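Engineer: Below: one structure in structure tokens.
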Amino acid sequence: MKPTIAIALVLALAVVQHASLAAGAGAGPRVIIVGAGISGISAGKRLSEAGITDVLILEATDHVGGRMRKENFAGVNVEVGANWVEGVNGGKMNPIWPIVNSTLKLRNFHSDFDYLAQNIYKEDGGLYDEAEAQKIIDRANKVGDSGEKLAATLSPSGRDDLSILAMQRLNNHQPSGPSSPVDMVVDYFLYDYEFAEPPRVTSLQNAVPAKTFSDFGGDVYFVADQRGYESVVHYLAGQYLNTSKSGDIADARLQLNKVVREISYSSSGVIVKTEDGSVYQADYVMVSASLGVLQSDLIQFKPQLPKWKILAIYEFDMAVYTKIFVKFPKKFWPEGQGREFFLYASTKRGYYAIWQEFEKQYPDANVLLVTVTDEESRRIEQQSDNQTKAEIMEVLRNMFPGKDVPEVTDILVPRWWSNRFYKGTFSNWPIGVNRYEFDQLRAPVGRVYFTGEHTSEFYNGYVHGGYLAGIDSADILINCARKKVCKYHVKGKYD
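Residues -22 to -1, 1 to 473 in mature numbering (1 follows the signal peptide of the UniProt record, and there is no 0) are what the sequence shown lists, from first letter to last.
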């Protein structure tokens, strides 16, 4: 068979296949959305509201929700990905909060971190003196306040930005930043626990103050509903995709287990190929894959994305934030008011540092959560769960030397970094990039559009950031498809 004939047959097949999927759809451009996480689903909803209903969502995994995902652990559903509604009770309404709290009425619990000074454990056992610990926390907060004032004086372009660590050195005169075990764990709680990367990496200007909290409020609520936080994504999808009587999405416009491997684009349209050999044709494609996936070789673009786009993708960080759940035959840790969160002050920064107990969220489950990030996440992903279990047992027995600490019966270690469909948990804005690179990261390339929490103008790394990014990116596509305003303006680097 001649190559030209083969290509023609492939294109014809793609047209027929897509036409059958879009049967009954309204008139308008055809759009393929890559990914059924909150950004992809949000973008599809916004397109549908604008009358663009001929959409096809290709999801690589077997579920909707992306990094909002529950998993059954020892008889209860826990969140292996996003867990909190962050930014509540402020001047503006976090758009996720009313969906969680009023519409879906998902069980949620206010997280109170005011008692940390009472709950910092020494590496060799026992608690730090509360008054001394509070002094360290107060000093760290004072340095953070100074950093906030400094950030407000910097050029909006980002040209004078510096790392959080540089700011700390400037304000507290510690050449290496916080260095004692208790200083390090407080520092880890304030920054790594939020941004999943250390202060030496994270941009001051784009993290202090975090727009999420200055805009939406300082309160955070932990979602612990057996329906899962992913219910938010299913709810959004149900606004424009057909559902069954049981509420499950039953729409041919959503295709699961479709791993996109190649996106070809030209001035006339796009062709998307999946790992199972399927080929789809459309007028536009909206890529909601994670930043980590874009930095990998999972999806090949033909022609290759322009250098400015590739550079913008590589300049941002895909951080790793790992929530490890462990179950015990009995409780041995303190409970009650002010005991939900506790810290382990190791001489090795970030070593099983942040702990949470679930007296209210999962009563009688005997489950603890320990959070690790960055290098520790990558290290733990590459070792066996038994090794991780042994390390956790050693830490807990060091923390509670006078207690009968039984062996872990179950452990759940998510591996976001190793998973080729995610390659991390959320993006972080590192020192050295500014609004110019962000605009390039979000900018379309011809008929290829991009969305995801990493393209959120103010809230990257958060659920509401992913949701709002889907709307924003869809609006950019709508302006081109409906209004023929296809030029996306990127200001100069120091404008």
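Ideal Cβ placement from N, Cα and C applies to all residues, glycine included.
Just so it is clear, the structure is predicted and the values come from calculations on it, not from any experiment.
What three-state label does DSSP hand Met71 in the structure shown?
Structural biologist: Here residue 71 corresponds to residue number 93 of the sequence shown, with the count starting at 1. In the structure shown, Met71 sits in coil (DSSP, three-state: anything other than H, G, I, E or B).
Engineer: At what residues does the alpha helix (DSSP H) containing Met46 begin and finish?
Structural biologist: Position 68 of the sequence shown, counting from 1, holds the residue named residue 46. Run containing Met46: none; DSSP gives neither H nor E here.
Engineer: Using the C-alpha atoms, what's the distance from His432 back to Pro187?
Structural biologist: In the sequence shown, counting from the first residue as 1, residue 187 sits at position 209. In the sequence shown, counting from the first residue as 1, residue 432 sits at position 454. If I take the Cα positions, the gap works out to 18 Å.
Engineer: For Glu57, does the count of other Cβ atoms within 10 angstroms reach 16, so buried, or fall short, so exposed?
Structural biologist: On the sequence shown, position 79 is the one that residue 57 refers to. Label assigned to Glu57: buried.
Engineer: Evaluate contact between the segment 219 to 238 and the segment 250 to 263, counting only Cβ atoms and requiring at least three cross-stretch pairs below 8 Å.
Structural biologist: Contact between the segment 219 to 238 and the segment 250 to 263 is present, because at least three Cβ pairs lie under 8 Å.
Engineer: By how many angstroms is the C-alpha of Gly15 removed from the C-alpha of Arg398?
Structural biologist: To locate residue 398, count along the sequence shown from 1; it is residue 420. To locate residue 15, count along the sequence shown from 1; it is residue 37. Straight-line Cα distance between these residues: approximately 15 Å.
Engineer: Skipping 5 residues on each side, what residues in its chain have a beta carbon closer than 7 Å to that of Cys458?
Structural biologist: Residue 458 sits at position 480 when you count from the first residue of the sequence shown. Correct list, in chain order: Cys464.
Engineer: Once DSSP output is grouped into helix, strand and coil, what is the label at Ile302?
Structural biologist: Working through the sequence shown from its first residue, we reach residue 302 at position 324. Strand, per DSSP.
Engineer: Can you check the segment 98 to 152 for any alpha helix (DSSP H) of at least 4 residues that lies completely inside it and give the ranges in chain order?
Structural biologist: Qualifying alpha helix (DSSP H) stretches, in chain order: 108 to 131, 142 to 150.
Engineer: Using 8 Å as the threshold, is the segment 92 to 111 in touch with the segment 224 to 231, meaning 3 or more CB pairs across them?
Structural biologist: Result no; under three Cβ-Cβ pairs closer than 8 Å.
Engineer: Would you report the Cα separation of Ile409 and Val383, rounded to the nearest angstrom?
Structural biologist: Translated into the one-based positions of the sequence shown, residue 409 becomes position 431. Translated into the one-based positions of the sequence shown, residue 383 becomes position 405. Their backbone Cα atoms lie some 42 Å apart in a straight line.
Engineer: In chain order, what residues of the same chain lie with their CB nearer than 7 Å to the CB of Tyr262, ignoring the 5 residues before and after it?
Structural biologist: Here residue 262 refers to the residue found at position 284 of the sequence shown. Counting only Cβ-Cβ distances below 7 Å, and skipping sequence neighbours, we find Pro7, Val9, Val248, Arg425, Tyr427, Leu455, Ala459.
Engineer: Considering only residues of the same chain and omitting the five flanking positions on each side of Asp363, which have a CB-CB separation below 8 Å?
Structural biologist: Residue 363 sits at position 385 when you count from the first residue of the sequence shown. For Asp363, where only same-chain residues beyond five positions count, the Cβ hits under 8 Å are Ile389, Val391.
Engineer: Does the segment 368 to 382 come into contact with the segment 106 to 117, if we say contact requires no fewer than three beta-carbon pairs (one atom in each stretch) closer than 8 Å?
Structural biologist: In short, these stretches do not touch, since the Cβ pair count stays below three.
Engineer: What span of residues does the alpha helix (DSSP H) with Leu446 cover, start to end?
Structural biologist: As a working note, residue 446 is residue 468 in the sequence shown. Looking at the DSSP string, the run of the alpha helix (DSSP H) that includes Leu446 is 441 to 459.
Engineer: What residues in its chain sit with their C-beta under 6 Å from that of Lys(-21), if we drop five residues either side in the sequence?
Structural biologist: The residue you call residue -21 lines up with position 2 of the sequence shown. Per-residue confidence for Lys(-21) stands at a pLDDT of 44, beneath the threshold of 50, marking its modelled position as unreliable; no derived number is given.
Engineer: At what residues does the alpha helix (DSSP H) containing Pro405 begin and finish?
Structural biologist: What you label residue 405 is simply residue 427 of the sequence shown in a count that begins at 1. Checking the displayed sequence, the identity of residue 405 turns out to be Ser instead of Pro. That residue, Ser405, is in no alpha helix (DSSP H); its beta strand (DSSP E) goes 404 to 406.
Engineer: Considering only residues of the same chain and omitting the five flanking positions on each side of Val271, which have a CB-CB separation below 8 Å?
Structural biologist: Stepping through the sequence shown from its first residue, residue 271 is reached at position 293. Hits under 8 Å: Ile277, Arg398, Phe399, Tyr400, Lys401.
Engineer: Which residue marks the beginning of the beta strand (DSSP E) containing Gln259, and which one marks its end?
Structural biologist: For the purposes of this step, residue 259 is taken as residue 281 along the sequence shown, with counting starting at 1. Where Gln259 is concerned, the enclosing beta strand (DSSP E) stretches over 257 to 260.
Engineer: Between which two residues does the beta strand (DSSP E) holding Val238 run?
Structural biologist: Stepping through the sequence shown from its first residue, residue 238 is reached at position 260. Note, Val238: beta strand (DSSP E), 238 to 244.
Engineer: Tell me which same chain residues have a C-beta within less than 6 Å of the C-beta of Trp407, skipping the five on either side of it?
Structural biologist: Position 429 of the sequence shown, counted from the start, is the residue given in the question as residue 407. The answer, listed in chain order, is Ser181, Asn184.
Engineer: From the DSSP secondary-structure annotation, give me the bridge partner or partners of Tyr427.
Structural biologist: Taking the sequence shown and counting its residues from 1, one reaches residue 427 at position 449. Tyr427 pairs with Met264.
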